[in-house]
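Colleague:
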Amino acid sequence: MLKIEGLTAEIDGKAILKGIDLEVPKGEVHAIMGPNGSGKSTLSYVLSGRDGYEVTGGTASFNGHDILAMEPEERAAAGLFLAFQYPVELPGVGNATFLRTALNAQRKARGEAELDAMQFLKLARERMKALSMSDEMLKRGVNVGFSGGEKKRNEILQMALLKPGLAILDETDSGLDIDALKIVADGVNAMRGPDFSALVITHYQRLLDYIVPDRVHVLMGGRIVKSGGPELAKELEAQGYGAVQAAA
Amino acid sequence: MTAAQTGAAGFLARYEGLKDHLPGARKPWLNQLRADAAVHFAARGFPTRRVEQWKYTDLAPVAQAAFAEPLTSVDGTVRLPAPLAPHRAVFVDGRFRPDLSSLEGLPFRALGLANDLAEAEPHLGALAKPESEPLAALNTMLFEDGLFLDLPEGVDGGLLELVSVAVDPGRPFAFHPRHLIRLGARARLTLIETAAGGGHCLHNPVFEIEVAEGASLTHGRMLQEAATVFHLSTIYARIAAEGTYDNFTVAAGPRLTRNEIHAALVGPKAACHMNGAQMAGEGQHVDTTTALDHAAPDCASRQTYKTVLAGRSRGVFQGRIHVHRVAQRTDGYQMNQALLLSEEAEIDSKPQLEIYADDVKCSHGATVGALDADSLFYLRSRGIPEAQAKAMLVEAFLHEAVETVTDETLKGALTRALDAWWARQGAAA
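Heads up: the protein sequence lines correspond to chains A and P, in order.
Note that numbering that gives the first Met the number 0 has the first sequence beginning at 0, numbered continuously upward.
Note that numbering that gives the first Met the number 0 has the second sequence beginning at 0, numbered continuously upward.
#1: Please tell me whether, using a cut-off of 7 Å, the distance from the CB of P:Gly44 to the nearest non-hydrogen atom of the ligand FMN is below it.
#2: Decide if A:Ala68 is buried, meaning its Cβ has at least 16 other Cβ atoms within 10 Å, or exposed.
#3: Please compile the residues from chain P whose C-beta is within a distance smaller than 8 Å of the C-beta of A:Gln84.
#4: Does A:Met117 pass the burial test, meaning 16 or more other C-beta atoms within 10 Å, or should it be called exposed?
#5: Looking at the unbroken alpha helix (DSSP H) that takes in P:Gln351, where does it start and where does it end?
#6: Taking P:His398 as the query, report the chain A residues whose CB atoms sit under 7 Å from its CB, ordered along the chain.
#7: For chain A, is any of its Cβ atoms less than 8 Å away from the one on P:Thr1?
#8: Count the C-beta pairs between the stretch 260-271 of chain P and the stretch 222-241 of chain P that are closer than 8 Å, then say yes if the count reaches three, no if not.
#9: With the cut-off set at 8 Å, would you say P:Arg33 and P:Thr189 are in Cβ contact?
#10: Return no unless some Cβ of chain A is closer than 8 Å to the Cβ of P:Ala390.
#11: With respect to the beta strand (DSSP E) encompassing A:Ser196, which residues constitute its N-terminal and C-terminal limits?
#12: Could you give the DSSP three-state label for P:Thr1: helix, strand or coil?
#13: Determine the burial state of P:His398: buried for a count of at least 16 other Cβ atoms within 10 Å of its Cβ, exposed for fewer.
#14: Over the uninterrupted beta strand (DSSP E) stretch that includes P:Gln333, give me the two end residues.
#15: Express the C-alpha separation of A:Val92 and A:Val141 in angstroms, rounding to a whole number.
#16: Buried or exposed: P:Gly16, going by 16 or more other Cβ atoms within 10 Å of its Cβ?
#17: Let's test the definition: count the other Cβ atoms within 10 Å of the Cβ of P:Asp144 and tell me whether it reaches 16, buried, or not, exposed.
#18: The beta strand (DSSP E) with P:Ser232 in it runs from where to where?
#19: Drop a sphere of 10 angstroms on the beta-carbon of P:Gln351, count the other beta-carbons inside from all chains shown, and report buried for 16 or more, exposed for fewer.
#20: Would you tell me roughly how many angstroms separate the C-alpha atoms of A:Leu42 and A:Leu102, rounded to the nearest one?
#21: Enumerate in chain order the residues of its own chain whose CB-to-CB distance from A:Val28 is below 6 Å, with the five nearest sequence positions on each side excluded.
#22: Does P:Gly382 come within less than 8 Å of chain A when only Cβ atoms are used?
#23: Between the Cα of P:Asp149 and the Cα atoms of P:Val166, P:Leu110, P:Ser163, which residue gives the shortest distance?
#24: Within 8 Å (strictly less), CB to CB, does A:Leu1 reach chain P?
#25: Taking 8 Å as the threshold (beta carbon to beta carbon), is P:Ser312 in contact with chain A?
#26: From what residue to what residue does the alpha helix (DSSP H) around A:Val243 run?
#27: Using the rule of at least 16 other Cβ atoms within 10 Å of the residue's Cβ for burial, across every protein chain shown, is A:Asn35 buried or exposed?
#28: Just to confirm, are P:Val307 and P:Leu340 a CB contact at a threshold of 8 Å?
#29: Buried or exposed for A:Thr55, please, with buried defined as at least 16 other CB atoms from any protein chain shown within 10 angstroms of its CB.
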């Protein structure tokens with residue numbers, strides 16, 4: 000499980016996270032909702048280890064590992080996965096090469112046998128079929144020339160291949176039409192089980208119609224100001240963040 | 000024997016001593032050519048950084064060394080790179096080695112220049128400009144041999160390898176091969192050149208390349224000598240109407256590399272592609288300098304050069320495009336991109352466009368940067384360790400450069416050359 004206690008972080012000396020307490024037990028999907036600038040993306044980057052974010056206090060552990068002390072690649076091998084809000088384009092890096100390198104790097108780090116090209120291709124095709132992705136996307140450069148929807152599907156494909164214990168989806172719904180949204184949600188739902196948990200970060204309630212969370216947390220001003228069941232998302236949609244702020 | 004003289008004086012002294020023994024010493028036309036070149040070289044010596052075209056590349060280490068031309072040929076075993084094609088011409092220390100070459104069955108004349116000077120007379124010196132390029136003057140003064148190719152009209156020459164190996168004699172040495180490549184109308188050839196070997200040496204080749212009407216030459220070059228070698232090459236190419244000269248150079252190895260290309264598009268609808276990847280690590284220097292003359296209408300030129308610098312190294316790109324008044328509807332493009340992997344690396348980039356025609360499409364661009372932090376984080380967030388993630392991005396940057404190469408043999412060889420350099424950097428880091 001993911002356990003965050005009193006986490007504070009800043010960018011360029013400006014405090015963004017002001018004491019986050021959060022627990023995502025194994026097998027559960029939690030949603031974090033909040034207005035722009037509330038610290039949602041910062042939380043996902045701090046947890047995945049991006050440079051430029053300084054943790055000034057608190058702890059974060061995943062399955063007992065102190066993740067804040069680990070390199071990004073070590074966090075990934077330990078089972079952490081970040082689906083990017085804006086997936087990066089990598090011209091000249093073939094998507095198939097990228098996926099296989101990532102998968103094998105993680106397997107190697109965990110002391111598992113690496114997959115050869117044929118084994119990988121078989122696995123990738125199987126996963127892609129489930130996501131309605133064409134084989135052609137394996138041959139292209141990573142995310143190069145992909146539409147917004149294709150990029151997000153490529154994120155979900157990576158998740159499906161890497162089989163993380165915890166996925167953080169950073170506004171994965173932004174810029175998606177309803178069909179793409181369903182495919183992404185199906186991909187996440189297919190992962191659900193006793194060994195998978197997810198933190199779904201979103202601005203809108205819409206995604207949560209398709210990925211129904213066990214818990215919903217409202218992040219405002221760098222703190223979690225309210226938590227509740229899935230009905231909280233509907234409440235926010237109806238009343239807006241202002242009402243929560245007034246009550247908090 | 001007195002101590003060897005250094006620099007230009009040393010080369011001039013050796014020319015005086017050798018001139019009666021150099022190939023073609025009994026041919027008055029060649030003696031005159033060499034004597035004129037010696038006058039030009041004596042007047043200018045090695046270019047210093049005060050010369051505009053040499054502002055960023057310091058030849059002092061070359062000018063201060065006491066190189067000698069190898070007087071005897073190496074007869075022992077020579078380590079040759081693995082063959083890429085059935086036909087190859089091998090040169091050791093600048094001398095043609097028929098015993099190591101395989102040229103049987105080629106549908107055109109391919110010889111060591113020293114064996115065929117009479118045939119070469121009308122072409123030797125037709126394009127090189129010893130009066131303005133001192134290194135061409137040095138080459139003309141002292142060349143002994145080189146590759147002489149003459150493809151008749153309409154011949155498809157297929158693939159030919161040019162291998163140039165320097166064998167370390169244990170003291171500083173220099174050689175100045177002169178290559179003449181001539182393609183008749185509508186002839187075709189892919190020439191893949193590998194420069195290998197080591198020792199404290201100066202390899203100073205000059206190419207004179209004639210591409211006639213509708214002919215097409217693909218010229219791949221892999222300059223992969225050891226980090227003790229100075230490689231200074233000058234190419235002169237003249238492309239007639241509807242002809243194509245396609246040059247792709249990987250410079251990755253020598254202590255100092257100057258890849259200087261002068262190309263002239265002299266007939267309508269001629270095309271010239273000059274692409275390449277140059278890499279330097281600790282203590283190395285790479286320089287690509289191109290000068291392209293659009294001297295006829297409706298011609299196209301494309302240049303894409305990539306530079307990767309690691310450690311304390313320096314890279315230079317100078318690209319001049321001159322569009323003459325007659326060259327209407329010129330389509331020119333030039334791009335150079337540099338990736339700096341260390342704080343101590345330096346790139347100097349100088350595009351130069353001179354346009355005298357009014358209906359012209361000409362663009363150029365230059366980028367310089369470190370590895371992209373977002374890309375690196377993306378790879379690492381997927382579990383790929385930092386060093387491997389960096390390697391993937393550098394390879395991607397370099398491989399992009401060879402994407403335009405259509406010949407699969409050449410593309411494979413170039414890619415291996417790029418990967419070998421990067422693997423050596425990794426080992427050194």
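Cβ atoms here follow ideal geometry from the backbone N, Cα and C, with glycine treated the same way.
All of these numbers come straight from a predicted model, not from anything done at the bench.
Modeller: Taking the coordinates as given:
#1: Only the bare structure without any ligand can be found here, which leaves the ligand FMN out of the picture.
#2: The Cβ neighbour count for A:Ala68, taken over all protein chains shown within 10 Å, is under 16; the residue is labelled exposed.
#3: Under a criterion of Cβ atoms nearer than 8 Å, no residue of chain P is adjacent to A:Gln84; the nearest Cβ is some 12 Å distant.
#4: Counting Cβ neighbours within 10 Å, A:Met117 comes out exposed, since fewer than 16 surround it.
#5: That residue, P:Gln351, is in no alpha helix (DSSP H); its beta strand (DSSP E) goes 345-354.
#6: Ordered by position in chain A, the residues that pass the 7 Å Cβ test against P:His398 are Gly91.
#7: The pLDDT assigned to P:Thr1 is 46, lower than 50, so where the model puts this residue is not dependable; a value taken from the coordinates is nonetheless given after this. Not an interface residue.
#8: With the cut-off at 8 Å, the stretch 260-271 of chain P and the stretch 222-241 of chain P touch.
#9: It is not a contact, given that the beta carbons lie outside the stated cut-off.
#10: P:Ala390 does not count as touching chain A.
#11: Per DSSP, the unbroken beta strand (DSSP E) holding A:Ser196 starts and ends at 196-201.
#12: The pLDDT assigned to P:Thr1 is 46, lower than 50, so where the model puts this residue is not dependable; a value taken from the coordinates is nonetheless given after this. Looking at P:Thr1 - three-state DSSP - the assignment turns out to be coil, as it is neither helix nor strand.
#13: Its Cβ being crowded by 16 or more others within 10 Å, P:His398 is buried.
#14: 329-339 is the extent of the beta strand (DSSP E) around P:Gln333.
#15: Between A:Val141 and A:Val92, the C-alpha separation is close to 6 Å.
#16: P:Gly16 is exposed by the Cβ-count criterion.
#17: Under this definition P:Asp144 is a buried residue.
#18: It spans 229-238 - the beta strand (DSSP E) in which P:Ser232 sits, taken as one unbroken run.
#19: Classification of P:Gln351: exposed, given that the 10 Å Cβ count is below 16.
#20: Cα to Cα, A:Leu42 sits roughly 25 Å from A:Leu102.
#21: Closer than 6 Å at Cβ, skipping near neighbours: Ala197, Pro212, Asp213.
#22: Cβ-Cβ to chain A under 8 Å: yes for P:Gly382.
#23: By alpha-carbon distance to P:Asp149, the top candidate from P:Val166, P:Leu110, P:Ser163 is P:Leu110.
#24: No, no contact with chain P.
#25: With its beta carbon at least 8 Å from every one in chain A, P:Ser312 lies outside the interface.
#26: Per DSSP, the unbroken alpha helix (DSSP H) holding A:Val243 starts and ends at 230-246.
#27: In the assembly as shown, A:Asn35 is an exposed residue. Its beta-carbon has fewer than 16 other beta-carbons within 10 Å.
#28: Cβ atoms of P:Val307 and P:Leu340: closer than 8 Å.
#29: When all chains shown are included, A:Thr55 counts as exposed.
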